[in-house]
Amino acid sequence: MIGWHVPQPDINLRVLPAFGGQSSKAGEYGAGTPRGKVREYLTVLLNPCQIVWRELMDGRYRDIQTDADSLLRSRLFPGLRLAPEALWNGARLSPEHAAFVERLASARRQTITTRVLG
3 MIGWHVPQPD
13 INLRVLPAFG
23 GQSSKAGEYG
33 AGTPRGKVRE
43 YLTVLLNPCQ
53 IVWRELMDGR
63 YRDIQTDADS
73 LLRSRLFPGL
83 RLAPEALWNG
93 ARLSPEHAAF
103 VERLASARRQ
113 TITTRVLG
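If you read the sequence shown in the working numbering, its first letter stands for residue 3, the second for the next number, and so on.
This is how it looks when you write it as structure tokens:
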């Protein structure tokens, strides 16, 4: 059993063994490689604002560097990429996501106004 002091993922993406992956399930919990020797993982640091994406190579974790487009790209999941700057300041958001962010901000402003005036 894994203790509470061991960091646990908020979310994981895995490849099933039938497709060449190394993870499985034990009851309702994940087993196998996401628990140990995970092949890639991301850490989001809040102070300073930073995303670190690491990959397991030759038994050691190495940072994946951003490419010429300032994107972090998965080596394990082709097409999976992340724009770190977009996470922190909304840069390069799709129009749909920008509209979503504005709806959230508007709802928050309305909630605050209601509390103050209400």
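All C-beta atoms, glycine included, are put in the ideal place defined by N, C-alpha and C.
- Look at Ser-25 here: in three-state DSSP terms it is strand.
- For Asp-69, same chain residues with a beta-carbon under 8 Å away, outside a window of 5 residues either side, are Arg-75 in chain order.
- The beta carbon of Ile-53 sits closer than 8 Å to the beta carbons of Leu-44, Thr-45, Val-46, Leu-47, Leu-74, Leu-84, Pro-86 and Leu-89 from its chain, once the five residues preceding and following it are set aside; these are given in chain order.
- The shortest CA-to-CA distance from Gly-23 to any of Ala-100, Arg-105, Thr-115 and Lys-39 is the one to Lys-39.
- In the DSSP assignment, Thr-45 forms a beta bridge with Val-54.
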